[in-house]
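This report concerns only the one structure given below.
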Amino acid sequence: MFSKILIRLVDQAIVPAILLLVSRVTSMLLLSAIFNVPYELTNKGFTFLEVSDYVRINSYSMLFMLVCVFVGLLYIMLKSFIFHDTHINPVLAARLFTLRLDSFIQASFDLYSQGAVWLSYLYLLTVVIIAMVFTGMLYSWIFVVAFIMSIVATVLLVFDIENELEYTKDSKEEQADSLDEYVLEMEV
Numbered sequence: 035m036f037s038k039i040l041i042r043l044v045d046q047a048i049v050p051a052i053l054l055l056v057s058r059v060t061s062m063l064l065l066s067a068i069f070n071v072p073y074e075l076t077n078k079g080f081t082f083l084e085v086s087d088y089v090r091i092n093s094y095s096m097l098f099m100l101v102c103v104f105v106g107l108l109y110i111m112l113k114s115f116i117f118h119d120t121h122i123n124p125v126l127a128a129r130l131f132t133l134r135l136d137s138f139i140q141a142s143f144d145l146y147s148q149g150a151v152w153l154s155y156l157y158l159l160t161v162v163i164i165a166m167v168f169t170g171m172l173y174s175w176i177f178v179v180a181f182i183m184s185i186v187a188t189v190l191l192v193f194d195i196e197n198e199l200e201y202t203k204d205s206k207e208e209q210a211d212s213l214d215e216y217v218l219e220m221e222v
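For the sequence shown, counting from 1, position 141 maps to 175 in my numbering; every step adds exactly one.
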């Protein structure tokens, strides 16, 4: 059982990892072109002539990575609010099945494990940003943005999990009440 969960989490961690890598390289190239900053690509990575250019490109590149992870997490939250199998609108569910898009409907384990993976990447990125700010490789306001994004994402995920637990509790109570009514009808 544990190995299946671990394998699934590792599997779900691949897409965000690739997104982070692609967003980092792409943003470094684009920002260097936008700011007209010369760079050299060596076996050690991007090399800039001026430290100030490096700090500027690196700061905005990390900001771009933060936004990518945050948008990915918001996408997971959107799926959780709209396509969660426990509370999807029946009309929407029927439409999805008609269009053969029923794979959009996801269970709690899938949604919350994806959310945990994306949130972990956001936390990891925030920790890396703290280290880079202390070493002078990033603007300090990038940390403030990362910290706020981490708090907002955490609060949204916790609220969604609480709503799901309450919905599940209410659903079980309704089932128990309807079962009690059925038993009473059978006795009469």
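C-beta atoms are modelled at their ideal positions from N, C-alpha and C, and glycine is treated no differently.
query, result
"Does W175 pass the burial test, meaning 16 or more other C-beta atoms within 10 Å, or should it be called exposed?", "exposed"
"Quickly, what does DSSP pair H121 with across the bridge? List them, please.", "Paired residue(s): none; H121 is not in a bridge."
"Mind checking N92: buried by the 16 CB within 10 Å criterion, or exposed?", "buried"
"If distances are taken between C-alpha atoms only, which option among M111, L156, E200, T132 comes closest to D144?", "M111"
"Candidates L156, G170, K113, I122: which alpha carbon is nearest Y146's?", "K113"
"The alpha helix (DSSP H) spanning L75 covers which residue range?", "Where L75 is concerned, there is no enclosing alpha helix (DSSP H), although the beta strand (DSSP E) it sits in stretches over 73 to 76."
"Between V103 and P50, how many whole angstroms is the CB-CB distance? I'm expecting something under 8 Å.", "7 Å"
"Out of V189, A141, Q148, point me to the one whose CA is closest to D119's CA.", "A141"
"Please report the distance separating the alpha-carbon of V162 from that of N70.", "26 Å"
"Look at the Cβ atom of S57, then the Cβ atom of F98, and state whether they are nearer than 7 Å.", "yes"
"Report the partner residues of Q140 according to the DSSP bridge assignment.", "H118"
"Just to confirm the assignment: which complete beta strand (DSSP E) runs, minimum length 3, are found wholly within the stretch 38 to 91?", "73 to 76, 79 to 82"
"Closest to I52 by CA distance: which of F193, L126, T202, W152 is it?", "W152"
"So is L83 buried or exposed if we call it buried at 16+ other beta carbons inside 10 Å?", "exposed"
"Taking the alpha-carbon positions, what's the N123 to V178 distance?", "38 Å"
"Look at the alpha carbon of F138 and the alpha carbon of L190, and state the distance between them as a whole number of angstroms.", "21 Å"
"Find the nearest neighbour of L43 within the set T169, V167, T132, A150, judged by alpha-carbon distance.", "A150"
"Rounded C-beta distance between L172 and M96? I'm assuming under 8 Å.", "6 Å"
"N197 to F80, Cα distance in whole Å?", "45 Å"
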